[in-house]
Amino acid sequence: MKAWLIQNISDLALETKPLHLVDIPLPVPKKNQILIKVRCCGVCHTELDEIEGRTPPAYFPVVPGHQVVGTVEACGVETFRFQKGDRVGVAWIFSACGKCEFCLSGLENLCPDFRATGRDANGGYAEYMVIDASYAFKIPTDFSDLETAPLLCAGAIGYRALMLAGLLDGQILGLSGFGASAHLVLKMARYLYPESKIFVFARNLHERQFALQLGANWAGDHSEVPPNKLNAIIDTTPVWNTIVQALFHLKPGGGLVINAIRKESTDQRALLQIRYQDHLWMEKNIKTVANITRSDVENFLALAASIPIKPVVETYPFEKANEAIMDLKHKHVKGAKVIVFPIED
């Protein structure tokens, strides 16, 4: 089968084709596993982190991709959850141990043996993939394949970030950065907290205009001062200066939720601008989002279907996966990017 591989760490400022298209053996589902014929796969900033070494794969080469939608092609022995032909999705969580204190308390995202799809195990930038059936998800009939792919990561991780923010209806929410995840968080917040105002900080004018079109009450550059202090801010940017600015804009008791698996080091010196009395005092708090649980995915898919949430999607044919990666790195993002596989007659 054809698959795109990350074969080594690359500098995307120099490398324009970090993924390599090769033929690899078709995987065979083992006990409790399913073989999925991939129909599309979302493109995530985490792929950039893997390629550039901020969260390197457990081994090389590896097939990236963790926003996977496809159909069950075959089931391993003693696999009863799905049948051939069922439409399923795969998210960032590939597996967890199921036995540690975190797994037993519903925090499998913190499991020391947490394995990530497309980083610690082959993911969805391939014609087929395998996964334990208990870590695959039934797709609501309300959504097309393309609409579903971004929901499995950008939506689910955005849902976890929004829950960690602890917002009450009527309080002010800020979104720092406005890519695939943030635009879905805005839609969730508009539904869950109808009396709340939503302020969006984005460096790109097109992103700010897009945020206003989706219902944001205000949109400005990260350097601009919003009309009011905020109760909670969710940061989805890859840099540090936005953290400093967000902390300054919080109300007393406000919280910053950092929704990024890694931060780039290019502007880390911005943290030297933090002044305790202005940025941290008055019981401001900081949380980080670490991975997702299966319940995050399931709860979000149910919420997305009830709203409903229909993500804005930009598609790329399978053979242009490198172009999708480079566009995500160097261009503004409007909605979510999805790689689409050819449909066989």
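Per UniProt numbering, residue 1 is the first one in the sequence shown, and the count goes up by one each step.
Built from N, CA and C at the ideal position, the CB exists for glycine as well.
This one's a predicted model, so the numbers in the text were calculated from it and none came from an experiment.
**Prompt:** Start and end of the alpha helix (DSSP H) containing residue 208?
**Reply:** 205 to 213
**Asked** Can you tell me where the beta strand (DSSP E) with residue 89 in it begins and where it stops?
**Response** 87 to 90
**Message:** Can you check which of these residues, 340, 329 and 212, is closest to residue 318 by C-alpha distance?
**Reply:** 340
**Message:** Tell me the rounded alpha-carbon separation between residue 326 and residue 13.
**Reply:** 9 Å
**Item:** Between the CA atoms of residue 188 and residue 48 - distance to the nearest angstrom
**Value:** 26 Å
**Message:** Distance check for residue 175 and residue 101, CA to CA, integer angstroms please.
**Reply:** 32 Å
**Prompt:** Leaving out the 5 sequence neighbours to the left and right, which residues in its chain are closer than 7 Å to residue 324 when beta-carbon positions are compared?
**Reply:** 43, 316, 337 and 339
**Asked** Grouping DSSP H, G and I as helix and E and B as strand, with all else coil, what is residue 2?
**Response** strand
**Asked** Which stretch, first to last residue, makes up the beta strand (DSSP E) that contains residue 37?
**Response** 33 to 43
**Request:** Quick one: using the 10 Å Cβ neighbour count with 16 as the cut-off for buried, is residue 213 buried or exposed?
**Result:** exposed
**Request:** Check whether the Cβ atoms of residue 123 and residue 45 sit closer than 8 Å, and answer yes or no.
**Result:** no
**Prompt:** Under the three-state reduction of DSSP, which class applies to residue 248: helix, strand or coil?
**Reply:** helix
**Request:** Pull up the distance between the alpha-carbon of residue 191 and that of residue 219, whole angstroms please.
**Result:** 19 Å
**Request:** Please say whether residue 55 and residue 115 have beta carbons closer to each other than 8 Å?
**Result:** no
**Asked** What does a CB cutoff of less than 6 Å around residue 300 pick up in its chain, not counting 5 residues either side in sequence?
**Response** 155, 156 and 159
**Message:** For residue 346 and residue 77, what's the separation of their Cα atoms in angstroms?
**Reply:** What the structure shows of the chain is the stretch from 1 to 345, and residue 346 is not part of that stretch, so it cannot be assessed.
**Prompt:** When you compare only the Cα positions, how much space is there between residue 208 and residue 179?
**Reply:** 11 Å
**Nonlocal neighbours in the same chain, by C-beta distance under 7 Å from residue 113, ignoring five residues either side** = 96 and 97
**Request:** Could you spell out where the alpha helix (DSSP H) holding residue 61 opens and where it closes?
**Result:** Note, residue 61: premise wrong, no alpha helix (DSSP H); not H, not E.
**Asked** Are residue 109 and residue 286 touching if we call contact CB-CB under 8 Å?
**Response** no
**Message:** Suppose you measure from the CA of residue 30 to the CA of residue 37; what does that come to, to the nearest Å?
**Reply:** 16 Å
**Asked** Considering only residues of the stretch 313 to 344, which uninterrupted alpha helix (DSSP H) runs meet the minimum length of 4 residues and lie entirely inside it, listed in chain order?
**Response** 321 to 330
**Request:** Could you pull the start and end residues of the alpha helix (DSSP H) that residue 10 belongs to?
**Result:** Note, residue 10: premise wrong, no alpha helix (DSSP H); not H, not E.
**Prompt:** Which partner residues does residue 175 have in the DSSP bridge list?
**Reply:** 200 and 234
**Asked** For residue 16, which residues from the same chain have a beta carbon less than 8 Å from its beta carbon, with the 5 sequence-adjacent residues on both sides left out?
**Response** 322 and 326
**Message:** Just to check my reading of the structure: residue 133 and residue 81 have Cβ atoms closer than 8 Å, yes? What is that Cβ distance to the nearest angstrom?
**Reply:** 4 Å
**Within the stretch 113 to 178, ranges of the beta strand (DSSP E) (whole runs, at least 3 residues)** = 128 to 132, 136 to 138 and 173 to 176
**Simplified DSSP state of residue 292, which is helix, strand or coil** = coil
**Request:** Along the beta strand (DSSP E) that carries residue 22, what are the first and last residues, could you check?
**Result:** 19 to 23
**Asked** Can you name the residues that DSSP bridges to residue 255?
**Response** 232 and 285
**Prompt:** Considering only C-alpha positions, which residue in the set 149, 295 and 249 is nearest to residue 274?
**Reply:** 249
**Message:** In the DSSP assignment, the alpha helix (DSSP H) including residue 185 goes from what residue to what residue?
**Reply:** 180 to 192
**Request:** Leaving aside the five residues before and after residue 288 along the sequence, list all residues of the same chain whose C-beta is less than 6 Å from its C-beta, in chain order.
**Result:** 258
**Request:** Could you tell me which of 305, 69, 167 and 148 sits nearest to residue 125, measuring between CA atoms?
**Result:** 69
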